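Working notes, beginning with the structure itself.
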Amino acid sequence: MNQLLEKLNSLDIKIGLKGENLDIQAPKGVITTEILEEIRGKKVELINFLKDFNVKPIITKVAENEFYPLSSTQKRMWLLHQMNPDNVAYHIPMVFEIEGSFSLDKLQKALQFLLKRHESLRTKFSIDSQGNPVQVIQHYTDDLFNLITKDSEKPEEIQKSIEEIINTPFDLSKDLLFKANVFKESDDKHILLIIMHHIISDGWSLEVFAKDFFAIYNNKNSHHLDGLSIQYKDYAVWQQNRIGSNGLKEDKEYWLAVFSEEIPVLQLPSFKPRPKVKNGNGSTILTQFSSSSLSKFQKVCQDNHATLFMGLKTLVDVLLFKYTNQKDIIIGTPIANRELQELENQIGFYANTLALRTKVEKNQSFLSLLQSNKTQLLEAYKHQEYPFDELVSNLKFPYDSSRNPLFDVMISLQEKSDSGVIALENTTIKKIIPQDETSKFDLTFSFHQEDDKLNLELNYDSDIYEEFFIKNLIAHFSNILEKVAKNTDQLISEIEITTDEERHQLVYDFNDTKVDYPKDKTIVELFEEQVLKTPDNVAVVFENVELTYQELNEQANQLGAYLRENYQIQPDDLIAIKLERSEKMIVAILGILKSGAAYVPIDPAYPQDRIDYIEQDTQAKVTITEEFLTEFNNVKNNYDNSNLEIISKPDSLAYVIYTSGTTGQPKGVMIENRSAVELINWSKQEFDNTQFNVVYSATSYCFDLSIYEMFYSLSIGKKVRILKNGLSIKDYVNTEESILINTVPSVVNKLLTDKISLEGVSILNMAGEPIPVDLTNKLPLFKLSVYNLYGPSEDTTYSTYYKVVDRDYVTLPIGRPISNTQVYILDQDKKVVPIGVIGKLYVAGSGLSRGYLNKPELTAEKFVDNPFEEGTKMYDTGDLARWLPDGNIEFLGRA
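Residues 1 to 895 in full-length UniProt numbering are what the sequence shown lists, from first letter to last.
As structure tokens, then:
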């Protein structure tokens with residue numbers, strides 16, 4: 001006997017008594033011939049067991065009174081209405097298309113009968129003397145309800161009228177919370193609209209209403225409409241008494257234990273800011289899954305003694321985990337809460353909600369998660385009577401007007417549904433689903449199983465989500481379903497939710513950036529080519545000192561020759577520079593590169609221990625300081641000022657820049673010549689079409705933004721003005737025209753705050769920090785080219801770029817990959833994430849660093865094999881980002 005009960009419980013097969021017979025309810029396809037035979041064999045024992053079972057106290061009628069208490073669910077609904085009385089999300093409409101003979105008189109009488117039969121339909125809500133909400137039941141009279149009719153309207157006018165009526169708020173204290181309207185389209189075609197507020201009704205109630213209404217209208221099969229033994233007010237009093245007398249103590253303890261740990265908030269990504277107050281605006285997308293998919297998935301569930309609902313709920317858990325990377329997920333599901341026979345034919349808000357909390361681990365299989373969900377659901381069903389609203393109250397959950405308590409995603413499964421067509425004598429009535437422009441939750445997954453098909457109505461909050469995002473969500477759900485049906489043992493981490501088409505777009509189309517560039521050249525060669533073109537152009541300015549391209553080249557040649565001769569320089573040798581910002585800094589950098597070595601910038605203002613670490617880590621052949629330059633200048637004229645033989649190759653190191661490490665030790669990023677040449681080439685493509693004459697070099701040469709400021713400018717014949725720092729921009733910006741500024745947003749904000757005019761600026765590049773949108777609002781985009789640039793030092797300064805052309809973004813994008821650069825946004829298992837989903841940002845391509853100096857383990861950890869291009873590496877930036885629908889990227893901070 002116990003084994004049979006355990007088996008029935010595991011399969012969600014419910015048994016009860018109906019008179020002296022067994023009443024069996026089970027999900028479709030669960031009861032096999034063998035199980036049925038077992039039940040028949042134990043029929044007598046089962047009946048005796050159920051008779052002896054500790055049944056709930058009987059609901060008794062309460063004495064007539066002026067008002068009555070609210071049920072727990074009504075209290076919550078009433079409170080929601082008080083906070084937002086214009087919210088129409090809790091209106092429950094039914095629309096019927098009636099063709100054939102139709103009697104308004106019979107319709108009116110049928111509705112009046114139902115109004116008289118069900119007190120819920122004539123219930124209002126008021127406040128008692130102690131300030132508590134109460135039910136007030138109006139006495140029935142024939143004139144209490146009037147059917148509203150409209151004649152001879154066009155279909156589009158009827159639709160508009162229906163939408164207006166549905167979207168007209170109820171006044172809970174004054175209105176009858178039940179409306180009926182008839183629209184006459186023609187003599188033999190009418191539209192019937194019924195609306196009830198959720199506080200007096202629920203999904204089950206709609207079925208009761210329709211069944212009773214058409215039975216009365218047709219004067220057939222109405223024998224079941226004898227007087228009701230109880231009314232909703234009796235249930236409300238009974239429920240509140242059970243709660244007050246600890247009748248639900250065991251259920252309460254169960255739910256409080258489930259939510260004893262910190263309660264997570266699902267951070268499902270969105271492109272819209274969440275409104276401060278949930279307004280109930282929504283939309284719904286319908287889709288149908290193939291018969292083969294349903295058949296395969298049902299078999300998975302049946303083979304594991306799980307219901308279809310358990311399986312679908314597990315799929316949604318995986319989907320949300322993949323979209324959020326959150327392991328602790330709470331989803332709500334409605335239950336009818338009509339275990340008592342006397343509630344089955346009632347109209348009223350009886351439905352309860354179960355908050356299902358699931359822990360998802362990426363290294364568990366789908367099957368493992370399904371089994372976990374099955375166990376959890378069976379336990380939840382045992383304790384389903386405890387009102388959700390009491391749980392919320394006992395948890396003392398902080399109120400958030402932008403969200404629902406505990407969860408923002410709902411799921412339901414209707415395993416059987418009628419055809420929606422009702423045949424009466426000389427009349428056909430067809431149920432029509434009205435367009436739903438409301439939402440109660442962020443997402444509501446409503447599954448409907450019809451024979452061998454599975455339909456999904458995905459309702460969403462349109463204030464938060466866009467249609468294309470929801471369509472993608474459905475496609476990814478379908479993809480998970482297909483993959484799981486084929487392999488239930490597949491680890492959740494191995495499930496890639498993107499479609500093949502989407503994956504190709506994200507990996508290849510968005511990264512179609514390959515262009516030719518001078519791969520056989522070095523930085524020095526590009527500079528020397530420019531010297532031949534513009535020898536007399538001013539190359540570098542610092543305060544009152546100017547150097548032409550010819551002068552800069554000659555001084556760098558002499559220093560390069562000196563270094564090569566005295567320090568036996570070979571490619572990849574390192575030479576440090578420890579100089580204040582001036583024209584000497586540029587001469588030193590070019591001199592080192594011409595010698596064949598790579599330069600290592602050190603800021604003299606660094607703490608001594610950092611300087612010592614860099615010098616020790618690099619084992620630099622020499623450090624160029626002011627003292628070094630003084631000695632060199634004494635012998636400079638002994639060295640030829642013509643170009644040196646170039647010994648560096650494109651794959652030779654150009655520089656090593658130290659960035660701060662998470663462990664406290666700085667990391668030396670090794671950049672080769674070819675990578676810097678690629679940056680220069682992209683810069684020419686992007687910026688050469690905009691007029692500018694001078695580039696302000698305000699960035700410390702220890703930061704990689706300086707690479708762009710120096711090398712791009714000196715490869716195109718422009719003037720570089722060396723500034724002490726970004727704040728020095730104000731001293732020159734009003735004295736020159738056609739300026740290119742490359743700096744951080746905070747410097748630009750300071751300039752604007754100090755009311756420094758940027759009239760002379762033609763290009764403004766900002767990088768190194770997120771750009772506040774309100775900062776761009778202060779800039780004249782119509783005459784100033786503004787760029788948001790992003791890139792780690794490990795990818796040669798810039799990886800992506802965005803030219804600011806509008807201000808429609810909540811967060812300014814970092815744009816698209818620059819030429820010969822690929823950007824991948826991946827989950828924790830390096831699987832491609834869909835558009836809109838947050839992942840970790842990886843970069844690859846020609847700008848990629850050789851790695852970290854003397855740190856092979858860290859290099860191997862951060863520069864990993866590129867799964868999308870064999871034989872190449874990609875760099876783990878440690879940054880979070882997501883693709884936007886237009887192919888741009890949104891930066892979202894550190895992982």
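Note that the Cβ used here is the ideal one computed from N, Cα and C, for glycine as well.
Keep in mind it's a predicted model, so treat the numbers as computed, not measured.
List the endpoints of the continuous beta strand (DSSP E) containing residue i.
{"i": "Asp879", "result": "873–883"}
{"i": "Asp212", "result": "Premise fails: Asp212 lies in the alpha helix (DSSP H), 203–218, not in any beta strand (DSSP E)."}
{"i": "Ile191", "result": "189–197"}
{"i": "Ser446", "result": "443–450"}
{"i": "Leu826", "result": "821–826"}
{"i": "Gly893", "result": "889–894"}
{"i": "Ala654", "result": "653–659"}
Please state whether the Cβ-Cβ distance between residue i and residue j is less than 8 Å.
{"i": "Thr141", "j": "Ile200", "result": "no"}
{"i": "Tyr90", "j": "His198", "result": "yes"}
{"i": "Gln828", "j": "Asn325", "result": "yes"}
{"i": "Ala598", "j": "Leu559", "result": "no"}
{"i": "Gln530", "j": "Tyr549", "result": "yes"}
{"i": "Leu315", "j": "Ile329", "result": "no"}
{"i": "Lys278", "j": "Arg403", "result": "yes"}
{"i": "Asp389", "j": "Lys75", "result": "yes"}
{"i": "residue 896", "j": "Leu812", "result": "Look at the range of the chain in this structure, 1 to 895, and you will see that residue 896 is not part of it."}
{"i": "Leu781", "j": "Met766", "result": "no"}
{"i": "Ile285", "j": "Glu153", "result": "no"}
Near residue i, what residues of its chain come up, given a Cβ to Cβ distance below 6 Å and the 5 sequence neighbours on each side ignored?
{"i": "Asn167", "result": "Val88"}
{"i": "Gly16", "result": "Asp23"}
{"i": "Thr307", "result": "Asp12, Pro27"}
{"i": "Lys578", "result": "Ile602, Pro604, Thr623, Thr625"}
Enumerate in chain order the residues of its own chain whose CB-to-CB distance from residue i is below 8 Å, with the five nearest sequence positions on each side excluded.
{"i": "Phe527", "result": "Asn553, Leu590, Phe711, Leu714, Ser715"}
{"i": "Asp128", "result": "Phe67, Val134"}
{"i": "Gln414", "result": "Ser446, Phe447, His448, Gln449"}
When you compare only the Cα positions, how much space is there between residue i and residue j?
{"i": "Lys211", "j": "Asp886", "result": "50 Å"}
{"i": "Ala881", "j": "Ser439", "result": "29 Å"}
{"i": "Leu775", "j": "Val136", "result": "56 Å"}
{"i": "Leu192", "j": "Asp175", "result": "20 Å"}
{"i": "Ser10", "j": "Tyr875", "result": "48 Å"}
{"i": "Phe259", "j": "Leu70", "result": "25 Å"}
{"i": "Asn54", "j": "Pro434", "result": "Note that Asn54 scores 48 on pLDDT, short of 50, meaning its location in the model is unreliable and no value can be drawn from it."}
{"i": "Leu848", "j": "Tyr842", "result": "11 Å"}
{"i": "Arg503", "j": "Ile474", "result": "16 Å"}
{"i": "Glu551", "j": "Asn537", "result": "10 Å"}
{"i": "Ser291", "j": "Ile470", "result": "22 Å"}
{"i": "Lys778", "j": "Asn511", "result": "32 Å"}
{"i": "Lys718", "j": "Val694", "result": "6 Å"}
{"i": "Glu482", "j": "Ser293", "result": "6 Å"}
{"i": "Asp879", "j": "Leu593", "result": "32 Å"}
{"i": "Leu114", "j": "Gly839", "result": "55 Å"}
{"i": "Leu727", "j": "Tyr701", "result": "16 Å"}
Note down, in chain order, each residue of its chain lying with its Cβ closer than 7 Å to the Cβ of residue i, except the 5 sequence neighbours on either side.
{"i": "Gln25", "result": "Lys14"}
{"i": "Val761", "result": "Val733, Ile739, Ile741, Leu784"}
{"i": "Leu8", "result": "Ile15"}
{"i": "Thr877", "result": "Pro792, Leu841, Tyr842, Val843"}
{"i": "Ser697", "result": "Ser706, Glu709, Met710, Val720, Arg721, Ile722, Leu723"}
{"i": "Val656", "result": "Leu574, Ala598, Val600, Thr618, Gly668, Val669, Met670, Leu853"}
{"i": "Gln231", "result": "Glu119"}
Where do the ends of the alpha helix (DSSP H) carrying residue i lie?
{"i": "Met77", "result": "72–83"}
{"i": "Lys233", "result": "232–244"}
{"i": "Ile39", "result": "33–41"}
{"i": "Val677", "result": "673–687"}
{"i": "Leu563", "result": "549–567"}
{"i": "Lys382", "result": "366–382"}
Quick check: does the Cβ of residue i come within less than 7 Å of any heavy atom belonging to the ligand NAD?
{"i": "Val531", "result": "Inclusion of the ligand NAD in the displayed structure is not the case, the ligand content being empty and no account of it being possible."}
When you compare the CB of residue i with every CB in chain C, is at least one pair closer than 8 Å?
{"i": "Val360", "result": "Absent from the structure: chain C. Only one protein chain is present."}
Would the region 401–411 count as touching the region 256–272 if we require 3 or more Cβ pairs under 8 Å?
With a cut-off of 8 Å, the region 256–272 and the region 401–411 count as touching, because enough Cβ pairs lie within range.
Touching or not, the region 452–465 and the region 334–353, by the rule of three or more beta carbon pairs under 8 Å?
no
If contact is defined by three or more beta carbon pairs under 8 Å, each pair taking one atom from either stretch, is the region 364–375 in contact with the region 477–493?
yes
Check whether the region 851–868 and the region 664–683 are in contact - that is, three or more C-beta pairs closer than 8 Å.
yes
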